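Structure record follows, encoded as structure tokens.
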RNA sequence: GGCGGAGUAGCUCAGUUGGUUAGAGCGCGCGGUUCAUACCCGCGUGGUCGGGGGUUCGAAUCCCUCCUCCGCUACCA
């Protein structure tokens, strides 16, 4: 049986939903709605990723328990999706018990099969230098720095054997040209995989707000391993196999380009191969919306746009209803730029689309046709009669093109197909001139022409439903099809399917035209008013407080072999252990001159591995590109002293 | 630093395997129409296709080189 399973990423529950989340989700919604119109069973799944240190931290900062914190965020997401007319079927949370059970189950299963192994952090260690060294860094088997012999060490962590799947993955990508889209991303992934995949560390030292490794309470399961499994657990894996088999695999998984290469296009398929499950048909990575710097009107509270705020503003400017404004924004986001590429948001572009495409071409077609029905046909849809169906070819062409473009998620091209049809309809109305036919008393011909145009509007209403569901409903209503309880079905996107003898119900213009020049002046004025006290890139005191700064004393400094810009520092920040920090200051400072220097350290930065060396913090230094001077204290302070 | 992509009309972009006068939408100008939200329809405006060199009977399209922007990646945590 045919089915359509589509996913968005599950969004990290660390902050409010923004335009990036919304863009992904709206795109997925379009696919889902389109397939529902085609009467294909659809499962459209989204959700939230709720584990990890960052969530625990943010919760603490706001004086909440992690659970309270994520519950609150989940509320915001669900509200946003409702406001943006998102028709998701499932909303999974990684804190759902059945998901957590699934993650542990899969972890155990892969550990039994040998795909997950308790890793020995294959490395060498120089005791005097306290340095971890990779095989390639050794000089004659000894420490490259002090020349003394090194010891082999094993730090325990669980690894997933990604490397074992490099060849199979490569083969799969090459034999499935549509697996990763768009093409440019596919090429990137290919070159990434060709370098060879490294085994992924899938556990961390135990944190409270994580899923524990089964049978090993000292470790937690890595959040990405946890998160990716949502795509399986939300369709019933592993205990509801009937349901699972019905939906698996996904027809398309939409992700942002930032999480494609490392996660969805490598780790994720490797996990599925290890579980012996089919891979998704398509992974589609889309681009970003950035605010247009040449257009200062973007709200000055930082550059993250709240899509609902934008819609409310559009509603205010245009006097359209909020639902129509939301749909207009949905239209704009998917029409303006090619899905997959980056684009910049500007009010001018949004308003231009609103006027030209929505108000003029679509809205006005409806608004010039309905009065004709009222005037010449007593407000009742006529019989098609002989000669009707003249727009049949145009309708078929638009439908076919739309279907073709949507296969490749080219939303913009799909919408272009609809607008070509609208253009044909407008032209048809002009050339046939029902008002002239009426004067000449050619009633039969007049009815045929009006029928054809109404029929065409009906088809357009169906075709725009995935993009603008509420607008579609409104047009349906005005055509009288709502009250007549006619359903929208994709198969009815053909000529001569409009029922007759239905009384139309004209309403106010759906898209009230905007005076763009005036609107821009107004927005500009408001924007200046608001941005007066705060410059464009300010942050609040609360945001600043999230950065934890402490005084630290450098107790050791070493060069890192093979890296000419990096130093490995051991810094005392008042904790029981000194911290290892990697700093890109080797070309400006000698290791020796740094000893006992007191610097300022960002202590709550997430750890990172740089050139194979773990770094647990950041040293502050002046200089935009190159570090020019270290930030130091002017008198001795105890290590660990808070800086603010 | 490495790999990749892109630079085409005022703006946003199409341009398939090199082939007659380089296209669309928006904007702008003119005309038509009057059913309509100063809308719609038609016509027009506008580009030495990033610079330079080369291959070819012929290049936006292939090759070389330079410039600019972007993405991924890497020793900027």
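In my numbering, the protein residues as written are 30 to 673. Virtual Cβ for every residue (Gly too), placed ideally from N, Cα, C. For clarity, every value in this text was computed on a predicted model and none was experimentally measured.
Check	Outcome
Three or more C-beta pairs closer than 8 Å, one from the region 189-203 and one from the region 219-232: is that the case here?	yes
Excluding the 5 residues flanking residue 408 on each side, which residues of the same chain have their C-beta closer than 7 Å to its C-beta?	402, 532 and 533
In chain order, what residues of the same chain have a beta carbon less than 6 Å from the beta carbon of residue 443, not counting five sequence neighbours either side?	431, 434 and 435
How would you label residue 94, buried or exposed, when you count the other beta carbons within 10 angstroms and need 16 or more for buried?	exposed
Can you tell me where the alpha helix (DSSP H) with residue 285 in it begins and where it stops?	From DSSP, residue 285 is part of no alpha helix (DSSP H) but of the beta strand (DSSP E) over 281-285.
Suppose you measure from the CA of residue 135 to the CA of residue 517; what does that come to, to the nearest Å?	42 Å
In the DSSP assignment, find the beta strand (DSSP E) that holds residue 609 and state where it starts and stops.	608-612
Between residue 17 and residue 217, what straight-line distance do the alpha-carbon atoms span, to the nearest angstrom?	The chain is shown only over 30 to 673; residue 17 falls outside these bounds and no answer can be derived.
Grouping DSSP H, G and I as helix and E and B as strand, with all else coil, what is residue 356?	helix
Please name the residue, chosen from 224, 633, 33 and 428, that lies closest to residue 282 on a Cα-to-Cα basis.	33
Rounded to whole angstroms, how far is the Cβ of residue 399 from the Cβ of residue 316, which I believe are closer than 8 Å?	Not quite, the Cβ-Cβ distance comes to about 39 Å (not below 8 Å), so this is no contact.
Provide the residue(s) that pair with residue 587 in DSSP beta bridges, ordered along the chain.	597
My understanding is that residue 595 touches residue 611, with C-beta atoms under 8 Å, so please give their C-beta distance in whole angstroms.	6 Å
List the whole-angstrom C-beta distance separating residue 480 from residue 548, where the pair is believed to meet the contact cut-off of C-beta under 8 Å.	That pair is no contact at about 38 Å.
Run the CB neighbour count on residue 89, radius 10 Å, all protein chains shown included, and call it buried at 16 or more, exposed below.	exposed
Which two residues bound the contiguous beta strand (DSSP E) that contains residue 194?	Per DSSP, residue 194 belongs to no beta strand (DSSP E) and is neither H nor E.
Reducing DSSP to helix, strand and coil, say where residue 532 ends up.	strand
Residues in its own chain within less than 6 Å of residue 535 by CB, not counting five upstream and five downstream?	399 and 507
According to the neighbour-count rule (16 or more other Cβ atoms, all chains shown, within 10 Å of its Cβ), is residue 546 buried or exposed?	exposed
Should residue 132 and residue 209 be called a contact, given that it needs their Cβ atoms to be closer than 7 Å?	no
Take the Cβ of residue 392 as the centre, count every other Cβ of all protein chains shown within 10 Å, and call the residue buried at 16 or more, exposed below.	buried
Taking residue 8 as the reference, give the member of 606, 123, 617 and 457 with the closest Cα.	The question about residue 8 has no answer here: the residues shown for the chain are numbered 30 through 673.
Could you check what DSSP says for residue 278 in three-state terms: helix, strand or coil?	coil
If contacts are defined as beta-carbon pairs under 8 Å, then residue 673 and residue 630 qualify, I think. What distance do you get, rounded to the angstrom?	Contact doesn't hold; Cβ gap of about 13 Å is too wide.
If you reduce the DSSP assignment to three classes, tell me which class residue 141 lands in.	helix
Can you give me the start and stop residues for the beta strand (DSSP E) that residue 248 sits inside?	245-250
Taking 8 Å as the limit between beta carbons, can you name the residues of its chain near residue 386, skipping five residues before and five after?	360, 364 and 448
Just list the residues that DSSP pairs residue 659 with in beta bridges.	650
So, for residue 243: in the same chain, excluding its five sequence neighbours on each side, which residues have a beta-carbon less than 7 Å away from its beta-carbon?	133, 136 and 137
Tell me which residues share the same chain as residue 36 and place their Cβ nearer than 6 Å to its Cβ, disregarding the 5 neighbours each side in the sequence.	74, 260, 279 and 282
Counting along the chain, where does the beta strand (DSSP E) carrying residue 76 start and finish?	71-78
Determine the closest residue to residue 309 out of 207, 626 and 608, with distance taken between C-alpha atoms.	207
Excluding five sequence neighbours on each side, which residues of the same chain lie with their C-beta closer than 8 Å to the C-beta of residue 97?	88
Just the C-alpha distance for residue 213 and residue 219, rounded to the nearest angstrom, thanks.	10 Å
Which one of 318, 395, 397 and 394 has the shortest CA to CA distance from residue 358?	318
If we ignore side chains and look at the alpha-carbon of each, how far apart do residue 326 and residue 82 end up?	Per-residue confidence for residue 326 stands at a pLDDT of 32, beneath the threshold of 50, marking its modelled position as unreliable; the derived number appears in the next sentence. Distance between the alpha carbons of residue 326 and residue 82 is about 36 Å.
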